[in-house]
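Number of protein chains: 2
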Amino acid sequence: MQIQNILQRYGDDLKIVEEYLEKNYSSYIQIIPEVTDYIINSGGKRFRPLLLMISSDLCGYAGERRYSMAAVTEFLHTASLLHDDIIDHADTRRGQTAANNVWGNSVSVLVGDFLYSQAFKLMIEDGDPSLQKVLTSAAITMVEGETAQLTKCNDINITEEEYNSFIERKTAVLVSAACATGAVLAKAPQTTVDLLTNFGIKLGIAFQVTDDTLDYVATKEEFGKAIGMDFKEGKVTLPLIWTLKKCSPDEKGIVEKTLESKNISNNNIKEITSLINKYEGVDYALNKAGEYIKEAKLFLESFEDSAPKDALLAISDYIVERKL
Amino acid sequence: MQIQNILQRYGDDLKIVEEYLEKNYSSYIQIIPEVTDYIINSGGKRFRPLLLMISSDLCGYAGERRYSMAAVTEFLHTASLLHDDIIDHADTRRGQTAANNVWGNSVSVLVGDFLYSQAFKLMIEDGDPSLQKVLTSAAITMVEGETAQLTKCNDINITEEEYNSFIERKTAVLVSAACATGAVLAKAPQTTVDLLTNFGIKLGIAFQVTDDTLDYVATKEEFGKAIGMDFKEGKVTLPLIWTLKKCSPDEKGIVEKTLESKNISNNNIKEITSLINKYEGVDYALNKAGEYIKEAKLFLESFEDSAPKDALLAISDYIVERKL
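From first to last, the protein sequence lines stand for chains F and L. At position 271 of the first sequence (counting the first as 1) the number is 271 in the numbering used here, and the numbers step up by one without a gap. One gets the numbering used here by counting positions in the second sequence from 1 and adding 1000 to each.
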């Protein structure tokens, strides 16, 4: 199945999700929908809502609750982006000026809080304790993952295992919750919920690893952000972790010194990128992402062949092949 | 009833609340309980938990759920303080260095998010839809109130009505939710819930108005923060709103110019404070707070005489008389 076919099959559902999103970020405080509009309509791929639609489809649920639960996943994701930008001092997000640079940190904090609260409100209105548990626990784990990664900022000794545990928490757990939600909505047996949970974890890790490689290879036009942004923010991701493991002590010293300097120039980034290229750090990471995708797909094996199963398989392949 | 007697009557309950708080901010990410410890044990008065205990007592509920719901109100409050400090660029909070100045904005954002999530987790675990509605709606309204006040930052034309609506949302609604929660836990009739809701709104407004006057009159030792902090942050509060209404156009010009300047000196603050004193802005605000307290007490009239009723009345008086 092609990505185009997937979008065709779930396009109408995603349109309804858009309506749910918009309906649930209205507020009489004008700046709240204004900022939310700005960030939520800035080219987000609706990856989590799409996964939720497909997993519902796979497990045989086609009811209304999909839409509000999809909105929950997108709100949690968007809130974390808004708060991330404060954390990362990001200048751009998806190719446009980051919200905190347009309205200031204060507004980003508050609108993020608003979206978190709306997400919980939607869960509470839905009223299903097992769904609430999945999604609330994802929300808490995300924050813990972000915090854990923050404590390892600028640390050249971070291991691949530590990196994996950060991205599993900060990214994969919500992706996984979106996949599991479809099964929970369909009242599928726990084994099915577990399969989709595990599928989502591996898919989410692969997604974040690929994202982290794009930070070193994509042009501004392709990825919507400048190269080496993660490095500038002190985030040591897999391509660099691999490079640091393989390079000479002198080269390691250069990376360390650059990470610690206050002003990282484009030339610095070029130097770091050359080093990563020399040790094939991006290839290593993309290979790893490919392995995670293989593992992810294994969790789908026991499902009977169907269009939604094909869609999940196609998305899995797309994750590591995408250029944006 | 004296404040000492109240603390005696509810002291054991408040100790159990402390245990619930501590139990629910544990995390394997060490910095999360560390920062939470710092802010939650920095002299917070546990005003909302105390009100929740008293209103439960008033309505005849003495079960375990009080403690986790009290933790919800304190977590929501603490999260909003952490995020406020980013918004306000506060240097001190309750007399000690604000968390964002110790660990950085990033950590304050994330730990605030963690506490928000824990608050919702506790609500969801409790599982009572009517309580969830009261507390979630309070959480959303708080964020809206903060945002609304932010949009009026540095605005000398803010009216008393606008100010009232900001503080009702950002402060009074959670105070009110704490009071209402006691009635909801006791399964009291809706009229009782409404009385305590309305009592809490008026009490909460009086609380915030008094707080805002303390910013202009308390010494650093008394209130735990420097004088004129709100002014420095561009927050135009009731003592100043009154002064701006009464003063000459020249004096208004001085206030406007000072608010707009990047570096507000202690001499600037002295000048503003003198102006407020000249027009008795603090007295005006304290009188207003007194009127709100009178209105608050009216909502308690239909309750039979009892120790918890006395406690609520005593707290009401204490609110406007307190010096910290």
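Glycine included, each C-beta is placed from N, C-alpha and C at the ideal position. From a predicted model like this one, the values you see are computed outputs, not experimental measurements.
Practice prompt. From the DSSP output, in three-state form, read off T1237 of chain L for me.
Written response: coil
Worksheet item: Do you know offhand how far K257 of chain F's Cα is from V1102 of chain L's?
Response: Using only the alpha carbons, I get a separation of about 25 Å.
Worksheet item: Where do the ends of the alpha helix (DSSP H) carrying T1191 of chain L lie?
Response: 1190–1217
Worksheet item: In whole angstroms, what is the alpha-carbon distance linking A1071 of chain L and S261 of chain F?
Response: 42 Å
Discussion item. Below 7 Å on C-beta distance, what does V143 of chain F contact in chain L?
Written reply: The contacting residues are L1110, D1113, F1114, S1117.
Fill in: Cβ pair count under 8 Å reaching 3, the stretch 174–188 of chain F against the stretch 44–55 of chain F
yes
Discussion item. Among the candidates L:F1047, L:A1296, L:K1245, L:Y1067, whose CA atom is the shortest distance from the CA of T1159 of chain L?
Written reply: L:K1245
Discussion item. Need the endpoints of the alpha helix (DSSP H) that R48 of chain F sits in, please.
Written reply: 47–59
Discussion item. Using beta carbons (cut-off 8 Å, strictly below), is H1077 of chain L in contact with chain F?
Written reply: no
Worksheet item: Which of helix, strand or coil does DSSP assign to T97 of chain F?
Response: Looking at T97 of chain F - three-state DSSP - the assignment turns out to be strand.
Discussion item. Is L1081 of chain L close to chain F? Criterion is C-beta to C-beta, closer than 8 Å.
Written reply: no
Fill in: Close beta carbons around S26 of chain F, own chain, < 7 Å, minus the five adjacent residues each side
P33
Practice prompt. Give the secondary structure of T159 of chain F by DSSP, where H, G and I count as helix, E and B as strand, and everything else as coil.
Written response: Three-state DSSP puts T159 of chain F in coil, outside helix and strand.
Practice prompt. Taking the CB atoms as reference points, tell me whether Y1061 of chain L and A1186 of chain L lie closer together than 8 Å.
Written response: The beta carbons of Y1061 of chain L and A1186 of chain L sit closer together than 8 Å.
Worksheet item: What residue ranges within the stretch 1230–1317 of chain L form continuous beta strand (DSSP E) runs of no fewer than 3 residues, ordered along the chain?
Response: Within the stretch 1230–1317 of chain L, no run of beta strand (DSSP E) reaches 3 residues while sitting entirely inside it.
Worksheet item: For G1290 of chain L, which of L:D1057, L:G1204, L:E1251 has the nearest alpha-carbon?
Response: L:G1204
Discussion item. Given this structure, state the Cα-to-Cα distance separating F199 of chain F from E304 of chain F, to the nearest angstrom.
Written reply: The C-alpha of E304 of chain F is placed about 15 Å away from the C-alpha of F199 of chain F.
Fill in: Option in L:Y1116, L:L1058, L:D1155 with minimal Cα separation from L1081 of chain L
L:Y1116
Practice prompt. Grab the span of the alpha helix (DSSP H) containing Y123 of chain F for me, first residue to last.
Written response: Sequence inspection shows Met at residue 123 of chain F; the Tyr mentioned does not correspond to that position. That run of the alpha helix (DSSP H) goes 105–126.
Discussion item. On the criterion of 16 or more Cβ atoms from any shown chain inside 10 Å, does D1215 of chain L qualify as buried, or is it exposed?
Written reply: buried
Item to complete: Can you grab the Cα-Cα spacing for the pair N1267 of chain L / N1154 of chain L, in whole Å?
Response: 19 Å
Worksheet item: In terms of residues, what are the limits of the alpha helix (DSSP H) holding A1177 of chain L?
Response: 1173–1185
Worksheet item: Given that G127 of chain F touches chain L, what residues does it touch there, using C-beta distances under 8 Å?
Response: P1129
Fill in: chain L contacts from the stretch 144–167 of chain F (Cβ-Cβ distance under 8 Å)
E144, E146, T147, A148, L150, T151
Discussion item. Using 8 Å as the threshold, is the C-beta distance between L1110 of chain L and V143 of chain F below it?
Written reply: yes
Item to complete: Would you decide whether P189 of chain F is buried or exposed? Buried here means 16 or more other CB atoms lie within 10 Å of its CB.
Response: exposed
Worksheet item: Would DSSP call Q4 of chain F helix, strand or coil?
Response: helix
Discussion item. Quick check on the burial criterion: 16 or more other C-beta atoms within 10 angstroms. Buried or exposed for L1298 of chain L?
Written reply: exposed
Worksheet item: Under the three-state reduction of DSSP, which class applies to E1064 of chain L: helix, strand or coil?
Response: coil
Fill in: Contact set for D57 of chain F: own chain, Cβ-Cβ below 6 Å, skip 5 residues either direction
P308
Discussion item. Quick check on the DSSP output: the alpha helix (DSSP H) that includes A226 of chain F runs from which residue to which?
Written reply: In the DSSP assignment, A226 of chain F falls outside any alpha helix (DSSP H) and carries neither an H nor an E.
Discussion item. Counting only C-beta atoms, is T258 of chain F closer than 8 Å to chain L at any point?
Written reply: no
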